[in-house]
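Residue numbers (my numbering): 27 to 121. Glycine is no exception: its CB is placed at the ideal position from the N, C-alpha and C atoms.
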């Protein structure tokens, strides 16, 4: 029993080091070596200052650009303002 417990604790320690320290260091090193821009968050700089990321939170310059996904079966279209009904109908027609 004691030898099984000792073996289990040794394996726990070994696999903890392998999967918790060695593997993440290898993956991080490969990512930094081959995908430096993406691994650091795809940061956008302007005049030497970080202003955002390519991946998230991009501002929209035109009004009306941020439109949600069209639901195929809009059940509450009658409760929407008239302008929204027109936009949804126009977007469905374009598809």
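Note down the Cα distance separating residue 60 from residue 78, rounded to an integer number of angstroms. Near 22 Å, if we compare the C-alpha coordinates of residue 78 and residue 60.
If you draw a straight line from the C-alpha of residue 17 to the C-alpha of residue 62, how long is it? Lying outside 27 to 121, the shown extent of the chain, residue 17 is not represented and no answer is given.
Counting along the chain, where does the alpha helix (DSSP H) carrying residue 54 start and finish? 49 to 60
Per-residue DSSP class, three states only, for residue 110: helix
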